[in-house]
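Trainee:
Numbering (the UniProt record's numbering), first residue to last: 1 to 650.
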């Protein structure tokens, strides 16, 4: 709309110059000719840009809820032009008898009119006035006023049919989200020399899924792994390395179990005074960039990286490593900047910063001159905002870090690194993983569960489940069985996490997540393969489906066809909601609803009709097969965002 308006203004400006005879008629009017050339260039640029935007928008899936909000927003504006920021509430209807969507703004407007203008008007009267001012549009068949002032909206069938055809022809396209923004996501972030455990599972899975969603929506996404790869613990690790593998500079040390290596060095640090002193000396030499100590540090980091990568490969996680060491050189400038702006206080030798609204200060320099997690987190925040130019910055970190992160964000705002009205900085917090006893998930011996052990157990249980159903005997080849095992095992682990509200703790149970009934990945993966098989068993290939998508009109006369069609088209509004609140369980709930809605449709509407005696296909209802295809296409994209890999045969 902005571009269209600017084009009108520029066109008028050029006409104005023409009327005054200023288009190349006299050398004395060179300046005006230049102005005209600039205007024409700008006009051409805007027209091309608008054309590209329209082409992109034409392929984008329409967010029906947003479209209805635009329509009702215009109706409310026309009905009550003096009302500032009137409430705009449009939601899908819960029951078919109340239409497809509802506009529930009338009640809120009643309250505003009473408070601001002392006018007592019934919600029903307001609803009637809004309804009369609904502009001509492509999607509403009719509206009805129900109860005290609910406006029930019935969609046009040809509109829904057309949107489904567009989906089948263009594929699942992201909703139009406006300007392409830069998004930085900080997730996973294990510590060097410590194994990834079940506590890292949530950050890794949730962060990956968020990145996939923002990437699908067309944002420029930077996926950062803020490794704990710097600090005093490396002193004891390097000192232990020197003792155990004195020739480490020439022969690569065979550190097989880094966790055991860490525990040994920690035990020595706690019990041997001489070793402790040497560990502190090693820290000083490492921080002064002594080449031998940098080499030792790199060796230890490399061993950890290889172990982390095994897990990332299993879970199909992509990250750019940018640990604490990356920000080390920036920390002195961070301290200086806070000092120069008068925010630093000295407390018992420490340099601290109090942030308004937070009782505990940030310690940006210790009394011995060393830096802290507070310093590195501030350096990371500044780099992401000022160097990476992030428009949206998301930290996928457990809820226990909430106060710390909010303090760091507030400090960044206080010093002027960002304006929260312009840049979104968010903590996507999550709860802990519990065992079936509702306590923190541990092994029987009380140790933290290693993530690699958890994934291997998942693979074993998934194969047991497939063999229980005798999939290995007649249904699947060895290769297909292996693919199904991986899909089920890792898909179920991811889905069990993502299907819970991330703000809550959740109970980890292999039995529940591998159950093929209810809202689980196992159920959805089986449902997906069954949907994909319908066309295949009817001897309809992809080419035939593509041809039918262009030629067939999707008939939505049966109530179950209509219900499924509308459910499919809610996908963009689900994604839009998650882009706003970062709660991925909404997508899981939607996929489960889509699968169950499809089952209702399939049980009531014959897609392929067969002769009862011979089993021969006598009729293929192509528009219904297209509904199957649209369902599977949306499910496949939903799985992709969740990081789940479906298989064609299960």
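We put the beta carbon where it would ideally sit given N, CA and C, even for glycine. Keep in mind it's a predicted model, so treat the numbers as computed, not measured.
Taking just the CA atoms, how far does residue 394 sit from residue 409?
Mentor: Position 409 of the chain shown, counted from the first residue, corresponds to residue 409. Position 394 of the chain shown, counted from the first residue, corresponds to residue 394. Distance between the alpha carbons of residue 409 and residue 394 is about 11 Å.
Trainee: Look up residue 24 in the DSSP assignment and say whether it is helix, strand or coil.
Mentor: In the chain shown, counting from the first residue as 1, residue 24 sits at position 24. Note that residue 24 scores 40 on pLDDT, short of 50, meaning its location in the model is unreliable; the coordinates nonetheless yield the value given after this. Coil.
Trainee: If you draw a straight line from the C-alpha of residue 608 to the C-alpha of residue 532, how long is it?
Mentor: Mapped onto the chain shown, residue 608 falls at position 608. Mapped onto the chain shown, residue 532 falls at position 532. Whole-angstrom Cα-Cα distance: 14 Å.
Trainee: Would you decide whether residue 422 is buried or exposed? Buried here means 16 or more other CB atoms lie within 10 Å of its CB.
Mentor: Position 422 of the chain shown holds residue 422. Exposed: under 16 other Cβ atoms inside 10 Å.
Trainee: Under three-state DSSP, which class holds residue 70?
Mentor: Counting from 1 along the chain shown, the entry for residue 70 is found at position 70. Of the three classes helix, strand and coil, the one that applies to residue 70 here is helix, per DSSP.
Trainee: Let me know the secondary structure DSSP gives residue 532 once reduced to three states.
Mentor: As a first step, residue 532 is located in the chain shown; it is residue number 532 there, counting from the start. In this structure, residue 532 counts as helix in the three-state DSSP scheme.
Trainee: Quick one: residues in its chain with C-beta nearer than 6 Å to the C-beta of residue 272, no 5 flanking neighbours on either side, listed in chain order?
Mentor: Numbered from 1 along the chain shown, position 272 holds the residue referred to as residue 272. For residue 272, where only same-chain residues beyond five positions count, there are no Cβ hits under 6 Å.
Trainee: Taking its Cβ as the centre, do 16 or more other Cβ atoms sit within 10 Å of residue 125, making it buried, or is it exposed?
Mentor: The sequence position of residue 125 within the chain shown is 125, counting from 1. Exposed, because fewer than 16 other Cβ atoms sit within 10 Å of the Cβ of residue 125.
Trainee: In the DSSP assignment, the alpha helix (DSSP H) including residue 200 goes from what residue to what residue?
Mentor: Working through the chain shown from its first residue, we reach residue 200 at position 200. Note, residue 200: alpha helix (DSSP H), 198 to 216.
Trainee: In three-state DSSP terms, what is residue 619?
Mentor: Along the chain shown, one-based indexing puts residue 619 at 619. If DSSP states are grouped into helix, strand and coil, residue 619 belongs with the strands.
Trainee: Terminal residues of the continuous alpha helix (DSSP H) containing residue 123?
Mentor: Position 123 of the chain shown holds residue 123. Its alpha helix (DSSP H) spans residues 123 to 132.
Trainee: Ordered along the chain, which non-local residues of its own chain (more than five positions away) have a Cβ less than 7 Å from that of residue 353?
Mentor: Here residue 353 is taken as the residue at index 353 of the chain shown, counted from 1. Taken in chain order, the residues that qualify are 338, 343, 344, 361, 362, 364, 411.
Trainee: Could you give the DSSP three-state label for residue 379: helix, strand or coil?
Mentor: Sequence index remark: in the chain shown, residue 379 carries index 379 (1-based). In this structure, residue 379 counts as helix in the three-state DSSP scheme.
Trainee: Could you name the residues of the same chain whose beta carbon sits closer than 6 Å to that of residue 639, not counting the 5 residues immediately before and after it, in chain order?
Mentor: Residue mapping note: residue 639 aligns to position 639 of the chain shown, counting from 1. Result list for residue 639: 646, in chain order.
Trainee: Using the Cβ count rule (16 or more neighbours within 10 Å means buried), how would you classify residue 102?
Mentor: Taking the chain shown and counting its residues from 1, one reaches residue 102 at position 102. With 16 or more other Cβ atoms within 10 Å, it is buried.
Trainee: My guess is that residue 396 and residue 203 are in contact by the Cβ rule of under 8 Å, so how many angstroms apart are they, rounded?
Mentor: Counting from one through the chain shown, the residue named residue 396 turns up at place 396. Counting from one through the chain shown, the residue named residue 203 turns up at place 203. Confirmed, Cβ separation roughly 5 Å.
Trainee: Quick check: what's the CA-CA separation for residue 283 versus residue 231?
Mentor: Position 283 of the chain shown, counted from the first residue, corresponds to residue 283. Position 231 of the chain shown, counted from the first residue, corresponds to residue 231. Roughly 8 Å separates the two Cα atoms.
Trainee: Does DSSP classify residue 61 as helix, strand or coil?
Mentor: Within the chain shown, numbered from 1, the residue matching residue 61 stands at position 61. Looking at residue 61 - three-state DSSP - the assignment turns out to be coil, as it is neither helix nor strand.
Trainee: In whole angstroms, what separates the C-alpha of residue 333 from that of residue 404?
Mentor: Locating residue 333 in the chain shown gives position 333, where the first residue counts as 1. Locating residue 404 in the chain shown gives position 404, where the first residue counts as 1. Using only the alpha carbons, I get a separation of about 21 Å.
Trainee: Threshold first: 3 residues or longer. Then list the beta strand (DSSP E) segments lying entirely within the region 317 to 378, N to C.
Mentor: Entirely contained in the region 317 to 378, the beta strand (DSSP E) runs reaching 3 residues are, in chain order, 344 to 347, 350 to 353, 362 to 365.
Trainee: For residue 386, count neighbouring C-beta atoms within 10 Å of its own C-beta (all shown protein chains included) and say buried if the count is 16 or more, exposed if not.
Mentor: In the chain shown, the residue the question calls residue 386 occupies position 386. When all chains shown are included, residue 386 counts as exposed.
Trainee: State the Cα-Cα distance for the pair residue 92 and residue 70, rounded to the nearest angstrom.
Mentor: What you label residue 92 is simply residue 92 of the chain shown in a count that begins at 1. What you label residue 70 is simply residue 70 of the chain shown in a count that begins at 1. Cα-Cα distance, rounded: 15 Å.
Trainee: Is residue 169 near residue 569, with beta carbons less than 8 Å apart?
Mentor: Taking the chain shown and counting its residues from 1, one reaches residue 169 at position 169. Taking the chain shown and counting its residues from 1, one reaches residue 569 at position 569. No, they are not a contact pair.
Trainee: DSSP beta-bridge partners for residue 102?
Mentor: Numbered from 1 along the chain shown, position 102 holds the residue referred to as residue 102. 91, 152.
Trainee: One question on the structure: do residue 642 and residue 209 come within less than 8 Å of each other, judged by their Cβ atoms?
Mentor: Here residue 642 refers to the residue found at position 642 when the chain shown is read from its first residue. Here residue 209 refers to the residue found at position 209 when the chain shown is read from its first residue. Taking 8 Å as the Cβ cut-off, residue 642 and residue 209 qualify as a contacting pair.
Trainee: With C-beta atoms as the reference, is residue 99 less than 8 Å away from residue 153?
Mentor: Sequence index remark: in the chain shown, residue 99 carries index 99 (1-based). Sequence index remark: in the chain shown, residue 153 carries index 153 (1-based). Contact flag set, yes.
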